[in-house]
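Count the sequence shown with the working numbering and you get residues 790 to 1203, in order. Reading through the structure tokens given below for one structure.
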Amino acid sequence: MSFSSLIKAALLTAVLAHCQRPPANYDEAKVPKYTLPDPLVLLNGSPVKDAKTWTERRRPEILELFRNHVYGRSPARPKAMTFELLSLDPQALGGTAVRKQVEINFTGAKDGPRMTLLVYLPAAAKDRRSPVFLGLSFSPNHAVSADPGILLGDVWVKGQKQPAAERSRGSGAAHWPIQTILARGYGVALAYYFTIEPDFDGGEKYGVRPSFPGFDWGAIGAWAWGLSRAMDYLETDPGVDPHRVIVHGHSRLGKTALWAGAQDTRFAMVISNDSGEGGAALSRRRFGETVADLNQRFPHWFSHNYRKYNGREDDLPVDQHMLLALIAPRPLYVASATEDLWADPRGEFLSLVAAGPVYRLLGKRDLETDRMPAPDHPIQTDVAYHLRTGPHDINAWDWDQYLDFAVKHLPPAR
Ligand code: GCU
């Protein structure tokens, strides 16, 4: 066979594999009956009746199940990691913010993997420590704001890294209402997720994973690990209150934020925006995306073990309500959008409802209803949920709700 007919055959096989996947179910009547594993029963069958048993026995058990079956295991904080302040501007954004850019060299090696954390702190906080929203960005740092002081990053085009163009400054700003967040007394810290590991099948070799051989973890595990490394830096920043760092993310980065928040209890609050399958949504509820869809379209995201559950969600020893429960008793916000059926809004809502007993056991208020709220009517207790009108996205309205929730639970110091 010639090279071009080999390529054609490979393409045809890929197209057929795609077509053979069952179409997504969007019909409530066709959601099969399912039984969720009980977050409050130990693997040995005994019930969890108090906070101590949850914290010392059940929580570690569930965490281990997610490591073994879903996201994989991540390495510890590397001893040789370094932080380098690349730039500091005390008068950024028209004097409203202190801007820092910090290079986190994950292994300390000269040519090792590294990311640049962009940090804005409210200038008005003066020497008070600010609470901070930390998240990964879909676009390079210089695209989240038109601020000309942001170092120009790299972009990946067809698997190749190249310097970004000046004109791309601010092109992703709609996702990041930085001025609004600062005006409400919060700082913002972010990094481009591709700098931890580029997001394509085969991208692994350009990211952090080769530096830690012997771990079966996926890109989501690597990105979540990167958030914890950002937290390591934030703990050292005198302008940041390390007890009020809120980790958030949209979509695949919402899955990432949940996994980061589940593992790393230094995150004081967690926000999942439209995270869907493999994030907040229940896997056993077959609606929209499935485990097989995830593993086939994004084979680099999860652990190898997760592939065993393609079409076999009922055999998973966990479901995603248990991921949410790992965040308890810390405040948790789960959000969906009406047109984002692929992410299964109802499955995201029911997952938060099913994490409720763990919040209650730990003395917190859960959602206190199992009726989905009307669009654009958030429910906020010690956990929160909203269903925004519109498509798969994160917009200013979503951010307003997150800020209101943050002010209730982790207000800036006055
Ligand atoms: C795809 C994927 C989702 C993911 C989304 C995103 O739609 O199937 O699981 O959340 O991309 O990250 O935008």
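C-beta atoms are modelled at their ideal positions from N, C-alpha and C, and glycine is treated no differently. Treat the numbers as computed from the prediction; the structure is a model and nothing was measured.
May I have the straight-line CA-CA distance separating residue i from residue j, to the nearest angstrom?
i       : j       : result
Thr1021 : Asp1030 : The sequence given here has Asp at residue 1021, not Thr. Taking the straight line joining both Cα atoms gives about 12 Å.
Gly1179 : His1037 : 20 Å
Asn1094 : Asn857  : 7 Å
Trp1006 : Gly883  : 42 Å
Val880  : Arg888  : Before going on, a small fix: residue 880 reads as Gln here, not Val. Between Gln880 and Arg888, the C-alpha separation is close to 8 Å.
Val997  : Ala1008 : 9 Å
Pro1118 : Ser1140 : 16 Å
Ala1185 : Ala932  : 17 Å
Leu874  : Phe895  : 14 Å
Glu817  : Asn930  : 40 Å
Ala1049 : Ser1017 : 7 Å
Thr842  : Gly834  : 13 Å
Trp1012 : Lys1044 : 10 Å
Leu907  : Arg1101 : 41 Å
Lys899  : Ala1132 : 41 Å
Pro1106 : Leu854  : 7 Å
Trp965  : Pro836  : 43 Å
Ala1051 : Glu845  : 15 Å
Phe1194 : Leu923  : 15 Å
Tyr981  : Tyr1174 : 27 Å
Ala962  : Leu979  : 13 Å
Val1196 : Lys915  : 19 Å
Tyr1191 : Val1034 : 13 Å
Glu1078 : Gly976  : 34 Å
Arg1055 : Arg848  : 15 Å
Ser934  : Gln968  : 10 Å
Leu832  : Lys1097 : 20 Å
Ala1202 : Ala912  : 13 Å
Ala1046 : Gly942  : 23 Å
Ala743  : Arg918  : Nothing about residue 743 can be reported from this structure: the residues present for the chain run from 790 to 1203 only.
Leu1150 : Leu1115 : 13 Å
Arg1177 : Thr905  : 32 Å
Pro1162 : Leu852  : 30 Å
Gly1145 : Val859  : 22 Å
Pro1200 : Arg973  : 9 Å
Leu940  : Tyr1148 : 42 Å
Ser863  : Ala1143 : 27 Å
Gly897  : Ser876  : 19 Å
Leu925  : Glu850  : 28 Å
Met1111 : Gly861  : 16 Å
Gln949  : Tyr995  : 10 Å
His1166 : Ala869  : 47 Å
Asp1129 : Pro1120 : 24 Å
His1032 : Pro821  : 42 Å
Ile1183 : Pro1164 : 15 Å
Asp1189 : Ala1057 : 19 Å
For residue i, which option in the options has the closest C-alpha, if you only look at C-alpha atoms?
i       : options                            : result
Arg1041 : Gly992, Gly1010, Gln1052           : Gly1010
His1039 : Gly1065, Ser1017, Met1058          : Gly1065
Pro1088 : Phe989, Ile1060, Tyr823, Ala1057   : Phe989
Thr1158 : Tyr815, Gln1169, Pro1164           : Gln1169
Ala1126 : Glu1137, Ile1116, Val977           : Glu1137
Gly992  : Gly1145, Arg958, Trp945            : Trp945
Gln1109 : Asp827, His1166, Pro811            : Asp827
Pro867  : Lys838, Tyr995, Trp1014            : Trp1014
Lys819  : Phe1076, Asp1026, Gly1028, Asp1082 : Phe1076
Ala813  : Pro1200, Leu940, Arg1074           : Arg1074
Leu1113 : Gly1028, Glu892, Ser1072, Gly1068  : Gly1068
Asp1063 : Tyr1122, Ala886, Ala1019           : Tyr1122
His1181 : Ser1061, Leu825, Pro911            : Ser1061
Asp1104 : Val830, Ser926, Leu825             : Leu825
Pro902  : Phe1001, Ala1070, Asn1099          : Phe1001
Ser960  : Ala972, Gly938, Phe927             : Phe927
Ser1072 : Glu892, Glu1024, Pro1134, His1032  : Pro1134
Asp1171 : Asp1026, Val1059, Asp1189          : Val1059
Thr871  : Ala1070, Pro864, Ala1124, Val891   : Val891
Pro920  : Ile970, Ala1143, Leu1083           : Ile970
Pro751  : Arg1160, Leu910, Pro937, Asp1165   : Absent from the model: residue 751. The displayed extent of the chain is 790 to 1203, so no value can be given.
Asp878  : Ala840, Pro937, Gly861             : Pro937
Ala1070 : Pro1120, Ala1124, Gln1085          : Ala1124
Pro811  : Arg1160, Asn1099, Asp1189          : Asn1099
Within the 9 Å Cβ cut-off, does residue i reach chain D?
i      : result
Pro952 : The chain inventory of the structure shown lacks chain D, comprising one protein chain alone.
Is there at least one non-hydrogen atom of the ligand GTP closer than 8 Å to the beta-carbon of residue i?
i       : result
His1175 : Among the ligands modelled here, namely the ligand GCU, the ligand GTP does not occur.
Touch check for the segment 953-964 and the segment 983-991: three-plus C-beta pairs under 8 Å? Counting Cβ pairs under 8 Å, fewer than three are found: no touch.
At 3 residues or longer, what runs of the beta strand (DSSP E) sit wholly inside the segment 897-952? 903-911, 919-926, 943-946, 949-952
What residue ranges within the segment 973-1008 form continuous beta strand (DSSP E) runs of no fewer than 3 residues, ordered along the chain? 976-981
With a threshold of 8 Å, are at least 3 pairs of Cβ atoms found where one atom belongs to the segment 1074-1093 and the other to the segment 1143-1163? They do not touch, by the three-pair rule.
For the segment 1030-1064, which segments carrying the beta strand (DSSP E) assignment without a break, of at least 3 residues, lie completely within its bounds, in sequence order? The segment 1030-1064 contains these whole beta strand (DSSP E) runs: 1058-1062.
Where are the alpha helix (DSSP H) runs, 4 residues long or more, that stay fully inside the segment 1082-1119, in chain order? Scanning the segment 1082-1119 from its first residue to its last, the whole alpha helix (DSSP H) runs of 4-plus residues come out as 1109-1114.
Extract the residue ranges of the beta strand (DSSP E) inside the segment 1105-1188, only unbroken runs of 3 or more that lie entirely within it. 1121-1126, 1172-1177
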